[in-house]
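Structure record follows, encoded as structure tokens.
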């Protein structure tokens, strides 16, 4: 098993445990890319093959697999990155965002918003507008009606983790 396959297996186990906690009797996790149909797209949950009213999201950073679930099927995604980026990674994200001061937290906010939007990196990350609101952020993604609420959530000290939900949504979520 490759390291990537191992992290995916761990993430799926975490999601399945959370789905069982939510009363899903025969939870399964599948992935289908919306562009090519391959098995590498966003995670989706089913109960014995039937759709469930639970959103799931996964992110990988360093050796970590972060998994989250939320009631409903609305906009929901998580993203994680190592807090301490190496110079090459820092340059890549600053270039992608068009922001020479961007850090890992900025990137996770944008990436979580793009994942929750459903289009991912098919939207130019540099076009996402982030507006601070108290301890949270609002993300405006071009072509998406309404903002997404971005929250930094607790996790391992070496990671920064951002969670995106529809700005108006009440949150019933679980992270592992």
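In the numbering used here, the protein residues as written are 13 to 188.
We put the CB at the ideal spot given by N, CA and C, even for glycine.
State the DSSP-derived secondary structure class of residue 43, mapped to helix, strand or coil.
strand
Between residue 158 and residue 178, how many whole angstroms is the CB-CB distance? I'm expecting something under 8 Å.
Between residue 178 and residue 158 the Cβ distance is about 7 Å, and since that is below 8 Å, they are a contact.
Let me know the secondary structure DSSP gives residue 132 once reduced to three states.
helix
For the region 91-179, which segments carrying the alpha helix (DSSP H) assignment without a break, of at least 4 residues, lie completely within its bounds, in sequence order?
99-109 and 116-129
Roughly how many angstroms separate the alpha carbons of residue 99 and residue 172, rounded to a whole number?
As the crow flies, the alpha-carbon of residue 99 is around 17 Å from that of residue 172.
I need the boundaries of the beta strand (DSSP E) containing residue 22, first residue and last residue.
Where residue 22 is concerned, there is no enclosing beta strand (DSSP E), although the alpha helix (DSSP H) it sits in stretches over 15-33.
Within the present structure, is the beta-carbon of residue 125 separated from the nearest heavy atom of the ligand NAD by less than 7 Å?
The ligand NAD is not among the ligands present in this structure, which contains no ligands whatsoever.
Looking only at C-alpha atoms, which of 47, 102, 76 and 49 sits nearest to residue 24?
Nearest of 47, 102, 76 and 49 to residue 24, Cα basis: 76.
With DSSP as the reference, label residue 36 as helix, strand or coil.
coil
Leaving out the 5 sequence neighbours to the left and right, which residues in its chain are closer than 6 Å to residue 60 when beta-carbon positions are compared?
38
To the nearest angstrom, how far is the alpha carbon of residue 30 from that of residue 126?
One C-alpha to the other measures close to 24 Å.
Tell whether a beta-carbon distance below 8 Å holds between residue 66 and residue 57.
yes
Of all Cβ atoms in chain B, is any one closer than 8 Å to the Cβ of residue 71?
Protein chain content of the structure displayed is limited to a single chain, and chain B is not contained in it.
Consult DSSP for residue 51 and reduce its assignment to one of helix, strand or coil.
DSSP, reduced to helix, strand and coil, places residue 51 outside both helices and strands of the structure shown, so it counts as coil.
Among all the DSSP beta bridges, which residues are the ones paired with residue 59?
39 and 62
Helix, strand or coil for residue 76? Go by DSSP, reduced to three states.
strand
May I have the straight-line CA-CA distance separating residue 36 from residue 113, to the nearest angstrom?
Straight-line Cα distance between these residues: approximately 43 Å.
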